[in-house]
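Residue numbers 1 to 454, in the UniProt record's numbering, belong to the letters of the sequence shown in order.
Data block below; observations after.
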Amino acid sequence: MLFRAADESVAARHRVLAATSVSYLIVMLDTSIVNVALERIAGELGIAIAGLQWLVSAYTLAFASLLLTGGTLGDQWGPRRVYGAGLALFAGASTLCGLAATLPGLVVARALQGAGAALLVPSSLKLINQACPEPAVRARAIGIWIGCGGVAMAAGPLVGGALIHAFGWRSIFFVNLPIGLLGLALLSRVPPDAASIGGARLDLPGQVSAAAALGGLIAVLIEGRPLGWTSPAISCGMAATAAAWICFLAVEARALRPMLPLSLFRNGIFTGSTVASTASAFVFYGLLFVTSLYFQEVRGYSPFQAGGALVPLTAMVAVGSLLSNRLVMRLGVRWAVCAAFGAYGIGALAFWSFGPASPYLWAIPPLLLIGLAAGVISPAATAPALGAVEHRRTGVAGAVLNAGRQAGAAIGVAIFGSLVAAFPSFETGLHAALATAAAASFIAGLVWWRALRS
1 MLFRAADESV AARHRVLAAT SVSYLIVMLD TSIVNVALER IAGELGIAIA GLQWLVSAYT
61 LAFASLLLTG GTLGDQWGPR RVYGAGLALF AGASTLCGLA ATLPGLVVAR ALQGAGAALL
121 VPSSLKLINQ ACPEPAVRAR AIGIWIGCGG VAMAAGPLVG GALIHAFGWR SIFFVNLPIG
181 LLGLALLSRV PPDAASIGGA RLDLPGQVSA AAALGGLIAV LIEGRPLGWT SPAISCGMAA
241 TAAAWICFLA VEARALRPML PLSLFRNGIF TGSTVASTAS AFVFYGLLFV TSLYFQEVRG
301 YSPFQAGGAL VPLTAMVAVG SLLSNRLVMR LGVRWAVCAA FGAYGIGALA FWSFGPASPY
361 LWAIPPLLLI GLAAGVISPA ATAPALGAVE HRRTGVAGAV LNAGRQAGAA IGVAIFGSLV
421 AAFPSFETGL HAALATAAAA SFIAGLVWWR ALRS
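Following this line, the structure appears as structure tokens:
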């Protein structure tokens, strides 16, 4: 009987892990697969760079804005219910993306995808935590879960390029539908949520003000150049964004159960980890956006060729994640993350020499360095942050780190895209973006070094 009970427990864990891994796979797939379709989408729908920025940022903006609320809803309504709702929303929104005939429709559908992802990710982790109470088993399960995301990230550009070549750009969204249905089928074999759910409360004022603050910032960064930085619309947008940020901080400081506990940032290590995670996403996703366009618009690559060209970048993210713990064990977490930020900066500056007529082989070393840095920083910066807070607050601390990463990604796409559009030639704008990436990397490395100096 004990052996049978153990077998049932293992089978239940496998069912949870299979269901949650499917969700994380499509969430991470959509962070990289869309980039190789940008040139085709722009051509068919008549979209300028600002429109492409909205297309990419709408997903990460909704993801970042709603991630903390997604975790709260999982605590309040049960992770299985919220997971199922998020997966259904993501799959439905993907279908709307594939059917979209205009830029506004596509941007709204992408935002809905991000909202679905915000429900999926924290609920996935909660389901894994419930199914795997033993720390060692839980660590292995989360490693597999993250590994699926790494594989999806690495394969995204190549898979996207192949789908676009064979079926057109809409297929990169339609492919999420069968994967989502598979995830829902697997979820049906996961035990229902307990009848009694925790008493977490939704911080609605904090959620609204956070979305307004982050959304306003992205809007100003994207539309500032087309409308003019001194235009009335942008001036009003800046004022409204500043007011929204002040309101958000005031609301969170006074809330009994804030969405973002500001007290976490009294800890220097947690603050340094958040800065490192946000800066890493800022650099990586900003560079992924502009290099995808560069390969297609300047070098004339097809989506499939561009996807293949980006494989060294995305594949090294997965490799870096696997090597991160070894580097930390050998160098210490302080040096490992600083070295990774140094690799970011060197890689960005090295890509500067890759011109329109340069052999593609020249691009491989900088792409490898950038991808390796991204893979190393994420897990290496997360562990100290979670270790620096009370055990009961590790869930919200992890959610804050993830929200910071998504916010950094949205801001990176907005700023790097605006830099590319601000110059008469794409290559000059790319150089400005690369210089910004290098400067941000070195500054973030310095902040990290100071945060862990004790």
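Idealized CB from N, CA, C, for every residue including glycine.
From a predicted model like this one, the values you see are computed outputs, not experimental measurements.
Relative to residue 321, the option among 33, 142 and 13 whose CA is nearest is 142. Residue range 303 to 331 is occupied by the alpha helix (DSSP H) that includes residue 324. DSSP, reduced to helix, strand and coil, places residue 35 within a helical segment of the structure shown. Per DSSP, residue 238 is one residue of the alpha helix (DSSP H) stretching across 232 to 254. Distance from the CA atom of residue 313 to the CA atom of residue 288, rounded to whole angstroms, is 8 Å.
Here residue 445 really is in contact with residue 342; their C-beta atoms are around 6 Å apart, less than 8 Å.
Residue 282 sits close to residue 408, with the two beta carbons spaced by under 8 Å. Going by DSSP, residue 47 is part of no alpha helix (DSSP H) at all; its letter is neither H nor E.
A check of alpha carbon separations from residue 413 across 185, 205 and 34 identifies 34 as the nearest. For the beta strand (DSSP E) assignment, the stretch 392 to 425 encloses no uninterrupted run of at least 3 residues.
The criterion of a C-beta distance shorter than 8 Å is satisfied by residue 64 and residue 403. Close CB contacts of residue 79 within its chain, under the 6 Å cut and outside five residues either way in sequence, are with 123, 126 and 127 (chain order). Contact check for residue 225 and residue 48: beta-carbon distance about 10 Å, past the 8 Å limit, so the pair fails to qualify. Scanning the stretch 257 to 295 for uninterrupted alpha helix (DSSP H) segments of 4 residues or longer gives 268 to 293, listed from N- to C-terminal end. Beyond the five residues adjoining it in sequence on each side, residue 212 comes within less than 7 Å, by CB distance, of 244 in the same chain, given in chain order. Taking C-beta atoms as the reference points, residue 50 and residue 223 count as a pair closer than 8 Å. Only residues of its own chain outside the window of five on either side were considered, and among them 61 and 65 have a CB closer than 8 Å to the CB of residue 215, listed in chain order. In this structure, the straight-line span from the alpha carbon of residue 235 to that of residue 217 is close to 12 Å. Here the alpha carbon of residue 432 sits roughly 15 Å from the alpha carbon of residue 344. Shown here for residue 192: same chain residues with a beta carbon closer than 7 Å to its own, the five before and five after excluded, namely 80 in chain order. Under the three-state reduction of DSSP, residue 334 is assigned to helix. Around the Cβ of residue 252, a 10 Å sphere holds 16 or more other Cβ atoms; the residue is buried. Rounded to the nearest whole angstrom, the CA to CA distance from residue 89 to residue 67 is 15 Å.
Here DSSP, grouped into helix, strand and coil, assigns residue 114 to helix. Burial state of residue 307 is buried, judged by a 10 Å Cβ sphere holding 16 or more other Cβ atoms.
DSSP places residue 158 within a helical segment (H, G or I) once states are collapsed to three. In the structure shown, residue 427 adopts helical secondary structure according to DSSP, grouped into three states. For residue 153, same chain residues with a beta-carbon under 7 Å away, outside a window of 5 residues either side, are 28, 31, 32, 314, 317 and 318 in chain order.
In this model, residue 22 and residue 71 are separated by some 19 Å (Cα to Cα). Residue 202 sits in coil when the DSSP states are folded into three classes, being neither helix nor strand. In this structure residue 340 is not in contact with residue 331, their Cβ atoms being roughly 10 Å apart against a cut-off of 8 Å.
In this structure, 37 is the residue among 228, 190, 37 and 181 with its C-alpha nearest to the C-alpha of residue 170.
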